[in-house]
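Residue numbers (numbering that gives the first Met the number 0): 0 to 160. Just so it is clear, CB atoms sit at the ideal spot from N, CA and C, and this is done for glycine as well. One structure is given here, and the rest of the page talks about it.
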Amino acid sequence: MIEPLSARIIRQLFGKKSQIARRVIPEIYDAIADQCLSPIKPTGKLIDWCSYGKQFGIEDSSPSTFLAAIQVYYASVALWLGAEHIQHQTNKPYQWEDVCDSSYFQDARINNLDVPGWMQKALLAAAPVAYPHWTTAEGDILKHLYQDLIPRELRHAQGAY
């Protein structure tokens, strides 16, 4: 029997201690750094970015590039969940490129999901690994992943908890 998808499982699969995060976030970071993409500006709060980046194998991380990499990684998980849901509903398989440019969602008549161009390039830098398949999802399945990936100090500085 397949266990329903839950916040706990999402955090285990994609949280900062997961093999997926430790592999994908540095790849996204490199793609963003190479393309000079830094859409996020860090707050004035003191966060030890070097230590946080080292958790993912990134030495001397730039705060804006690192935050952009985390944002892209989080978006990749959300996009994967959306694509999986559509695939379960329609039996139409997806290609990661079609998910990244939103065409897979448009084919499913979801026209208001538009991945920003800068993010598409970064998403394509690290195609997702073979994720397990789930039958259902329960509750706020991304909340704990967000709390796991974004340092508490940064969440609080931005008014999020």
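Checklist entry - At which residues does the alpha helix (DSSP H) containing ILE9 begin and terminate? => result 6-13
Checklist entry - What residue range is occupied by the uninterrupted alpha helix (DSSP H) comprising GLY116? => result 116-124
Item to check | Distance, ILE24 Cα to LEU12 Cα | outcome: 14 Å
Next on the checklist: So within the segment 48-107, which uninterrupted alpha helix (DSSP H) runs reach at least 4 residues, ignoring any that extend past its ends?
Outcome noted: At a cut-off of 4 residues, the continuous stretches assigned as alpha helix (DSSP H) that sit fully inside the segment 48-107 are 48-53, 62-89, 95-99, 102-106.
Checklist entry - Relative to the C-alpha of ARG7, which residue among LYS142, ILE149, PRO150 is closest? => result It is LYS142.
Checklist entry - To which residues of the same chain is ALA68 closer than 7 Å at the C-beta, ignoring the five residues directly before and after it? => result Correct list, in chain order: ILE24, ILE27, TYR28, ILE31.
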